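Here is the structure we will look at, set down as structure tokens.
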């Protein structure tokens, strides 16, 4: 086995009751089962690359929606996945820890109905992410900058970088 992480898969308790058998925990290497209200959380402490194939395959076969959370490994960051039944097919989206800020931002954008406020929010986030303009080092900043430099009498490199 390679890089291991603690992984938790959460399903509806009603779905868990449908798939549970006396051998369930042994068959799927479940270390802990915890039911809180309408949800059941299944945890595996040493999940190889956070891929819990036996359980995820069973859930996909039965069209059971789930959420999966995993801790960091040495080769990947912590993250989460959401499996949902969409138009008869199981669809899965994964997000890593670094994506969570973007997800919160996008969720906040969905709540803004005023186009001007939406633009302000996007501009503010852009400025936060990119406090200065970033261009490839081997390319001119802009055509405008090159044209302005060509008007000066001093010879300058055709490649201009902002600092």
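In my numbering, the protein residues as written are 103 to 265. For each residue, glycine too, the CB sits at the ideal point set by N, CA and C. Small disclaimer: the values here were computed from a predicted structure and weren't measured.
Residue i versus residue j: straight-line alpha-carbon distance, rounded
| i | j | result |
| --- | --- | --- |
| residue 118 | residue 180 | 25 Å |
| residue 163 | residue 113 | 14 Å |
| residue 77 | residue 109 | Limits of the chain in this structure are 103 at one end and 265 at the other, which puts residue 77 out of reach. |
| residue 155 | residue 201 | 23 Å |
| residue 160 | residue 152 | 16 Å |
| residue 176 | residue 192 | 29 Å |
| residue 257 | residue 234 | With a pLDDT of 49 at residue 257, under the threshold of 50, the modelled position of this residue cannot be trusted, and the question is left open. |
| residue 166 | residue 127 | 17 Å |
| residue 224 | residue 111 | 34 Å |
| residue 212 | residue 199 | 21 Å |
| residue 230 | residue 207 | 12 Å |
| residue 265 | residue 210 | Because residue 265 carries a pLDDT of 46, less than 50, the predicted location of this residue cannot be relied on, and no value is offered for it. |
| residue 260 | residue 221 | In this prediction, residue 260 has a pLDDT of 48, which is less than 50 and means its spatial position is unreliable; what the coordinates show is noted afterwards. Approximately 34 Å, taken between the alpha carbons. |
| residue 174 | residue 121 | 29 Å |
| residue 116 | residue 197 | 26 Å |
| residue 125 | residue 195 | 29 Å |
| residue 129 | residue 232 | 49 Å |
Candidates the options: closest to residue i by CA position
| i | options | result |
| --- | --- | --- |
| residue 204 | 213, 178, 227 and 175 | 227 |
| residue 143 | 149, 150 and 135 | 135 |
| residue 148 | 124, 223 and 133 | 133 |
| residue 150 | 192, 127 and 178 | 178 |
| residue 123 | 231, 191, 157 and 223 | 157 |
| residue 283 | 106, 115 and 120 | Here the chain comprises residues numbered 103 to 265, so residue 283 is not present and cannot be evaluated. |
Cross-strand partners of residue i (DSSP beta bridge)
| i | result |
| --- | --- |
| residue 138 | 141 |
| residue 146 | 109 |
| residue 114 | 141 |
Any non-hydrogen atom of the ligand GTP within 7 Å of residue i CB
| i | result |
| --- | --- |
| residue 233 | Here there are no bound small molecules, and the ligand GTP is not part of this structure. |
Quiz prompt | Inter-stretch contact (C-beta, 8 Å, three-pair minimum) for the region 170-178 and the region 134-141 | solution = no
Exercise. Count the CB pairs spanning the region 183-192 and the region 201-217 that are closer than 8 Å, and state whether there are at least three.
Key: no
Quiz item: Which whole runs of the alpha helix (DSSP H) in the region 169-205 are 4 residues long or more, in chain order?
Solution: Here no run is fully enclosed.
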